[in-house]
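S.K.: Next up is a structure, given as structure tokens.
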Amino acid sequence: MTHLRACAQATVLLPNGETWPTYGTLPWLRLDPQDPRVYVATLEAAEQHRMDEERRHADARAQALATRQAAADQRAARHHTMRTREPHALTATPDWPPIQIPGSPGEYLTYQGNE
Numbered sequence: 870m871t872h873l874r875a876c877a878q879a880t881v882l883l884p885n886g887e888t889w890p891t892y893g894t895l896p897w898l899r900l901d902p903q904d905p906r907v908y909v910a911t912l913e914a915a916e917q918h919r920m921d922e923e924r925r926h927a928d929a930r931a932q933a934l935a936t937r938q939a940a941a942d943q944r945a946a947r948h949h950t951m952r953t954r955e956p957h958a959l960t961a962t963p964d965w966p967p968i969q970i971p972g973s974p975g976e977y978l979t980y981q982g983n984e
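Take 870 as the starting number for the sequence shown in our numbering and just add one per residue.
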């Protein structure tokens, strides 16, 4: 959105499609300070800087996420937490409440007293 606004400002200031020198170059320094090309070149440099910073921050965020994920994977592998637990049989015991059977809503395993 910011880029579109910068382009629109440049179009309004230089409606005939004039070109302008690159910000900070000798031709830019030779322009009259009131010349709209001075502002357009400055605007272009600022917009380029903004986009470069945005890209740099996005790259840093992506690298940080990848580093965190790699560290989590290494930690899980080191502590053997990546393995899933083997299935086991549920057993109801006396004096404990009914056990809800996983994957079977409304079904419970209860102690029958003669098990």
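For glycine and all other residues, C-beta sits at the position ideal for the given N, C-alpha and C.
#1: Evaluate contact between the stretch 927 to 935 and the stretch 879 to 889, counting only Cβ atoms and requiring at least three cross-stretch pairs below 8 Å.
#2: According to DSSP, simplified to helix, strand and coil, what is Tyr-977?
#3: Report the rounded CA-to-CA distance for Tyr-980 versus Asp-964, giving the unit in angstroms.
#4: What does Ile-968 pair with, by DSSP beta-bridge criteria?
#5: Can you tell me which of the three DSSP states Leu-873 falls into?
#6: Note the first and the last residue of the continuous alpha helix (DSSP H) segment covering Trp-897.
#7: With a cut-off of 8 Å on the beta carbons, I'd call Tyr-892 and Glu-913 a contact; round off their distance for me.
#8: Do Ala-879 and Val-909 count as a contact pair if the criterion is CB distance below 9 Å?
M.R.: According to the structure data:
#1: They do not touch, by the three-pair rule.
#2: strand
#3: For Tyr-980 and Asp-964, the distance between alpha carbons rounds to 8 Å.
#4: Leu-978
#5: helix
#6: 895 to 899
#7: 7 Å
#8: yes
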